[in-house]
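The structure appears below as structure tokens.
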Amino acid sequence: LCVLSIYRFCTIVYGHKRWFNKRRSMILSVISQWIMCFLLPVPILYLKVKPSSQSIFPKWIWIYNLCLIVILPTTFVAILDGLIFSHAHRSSNRVQSNILTCHSRLKKRNNHLLKRMFFMLIVSISGWAPIYIVAYLASIDILTLPLVYEVLYLLSILSISIVIGSLYLYNHSLRRFLKHRYRISF
Numbered sequence: 041l042c043v044l045s046i047y048r049f050c051t052i053v054y055g056h057k058r059w060f061n062k063r064r065s066m067i068l069s070v071i072s073q074w075i076m077c078f079l080l081p082v083p084i085l086y087l088k089v090k091p092s093s094q095s096i097f098p099k100w101i102w103i104y105n106l107c108l109i110v111i112l113p114t115t116f117v118a119i120l121d122g123l124i125f126s127h128a129h130r131s132s133n134r135v136q137s138n139i140l141t142c143h144s145r146l147k148k149r150n151n152h153l154l155k156r157m158f159f160m161l162i163v164s165i166s167g168w169a170p171i172y173i174v175a176y177l178a179s180i181d182i183l184t185l186p187l188v189y190e191v192l193y194l195l196s197i198l199s200i201s202i203v204i205g206s207l208y209l210y211n212h213s214l215r216r217f218l219k220h221r222y223r224i225s226f
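For the sequence shown, my numbering begins at 41 and goes up steadily by one.
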């Protein structure tokens, strides 16, 4: 989601800049994302490879996982979504219209955008945070029911499915393409 948020932010805010429309910027973006993907899990990989008498991870690694997988990406996405909303709100205020219906339509668009951003944030947090909180609680011997893990795995799968479905649903060019393909097929 962070990668999609960066892409959406750059497309919306800097879409008219030449640098963001070049292949060079796309390659740099992909390379930097891969570097981050390799660097962030280094402590976990180090602990898996490190020979020790313990076969379990230290307790802090579960908090690190929670921060790395839930808290940091959610905060990052929320900040970028706030910047996107701020840009959209400023651009709709710049286009001052004397017609009341146009103003109310822009206000509805801004409210719809804000509601969608909150929905995506809530779905993401509620889908991924519980499983890592339960993993931490299990590491300190508070909760160890296997059924809880299975339910929370399903919740995280449902969460990512809702987010992906929402991204497809709100992608106007993809919907237009699929409608066109559907009309051609039948």
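Glycine included, every Cβ here is placed at the ideal spot set by N, Cα and C.
| Asked | Found |
| --- | --- |
| Own chain partners of Val203 with C-beta closer than 7 Å, once the 5 adjacent residues on each side are dropped | Leu41, Met160, Val163 and Ser164 |
| Length at least 4, wholly inside the region 152-225: the alpha helix (DSSP H) runs in chain order | 186-209 and 212-225 |
| Of the listed residues Arg145, Leu207, Met76 and Leu177, nearest to Met157 (C-alpha basis) | Leu207 |
| Whole-angstrom distance between Leu68 and Lys57, CA atom to CA atom | 16 Å |
| Given Val191 as reference, the closest of Trp168, Leu209 and His212 once Cα atoms are compared | Trp168 |
| Reference Ile46; option with closest CA among Ala118, Tyr172, Thr184 and Ile182 | Ala118 |
| Outcome for Asp121 when other beta-carbon atoms lying within 10 angstroms are tallied against a minimum of 16 | buried |
| Backbone secondary structure at Leu80 - three-state DSSP | coil |
| Test item: CB-CB of Ser179 and Asn150 under 8 Å | no |
| Cβ-based burial, Val43 [other Cβ within 10 Å; buried from 16] | exposed |
| Through-space distance from Ser201 to Trp102, alpha-carbon basis | 24 Å |
| Simplified DSSP assignment, three categories, for Arg58 | coil |
| CA nearest to the CA of Pro81, picked from Lys62, Ile71, Tyr222 and Leu106 | Leu106 |
| For Val53, the nearest candidate out of Phe125, Leu112, Tyr86 and Ile84 (CA to CA) | Phe125 |
| Test item: CB-CB of Ser196 and Ile171 under 8 Å | yes |
| Proximal residues to Leu198 (C-beta, below 8 Å), its chain only, five neighbours per side dropped | Gly167 |
| Neighbourhood of Ile109 by C-beta, 8 Å cutoff - its chain only, sequence neighbours within 5 removed | Trp168 and Tyr172 |
| Tyr222 to Arg48 span [Cα, whole Å] | 27 Å |
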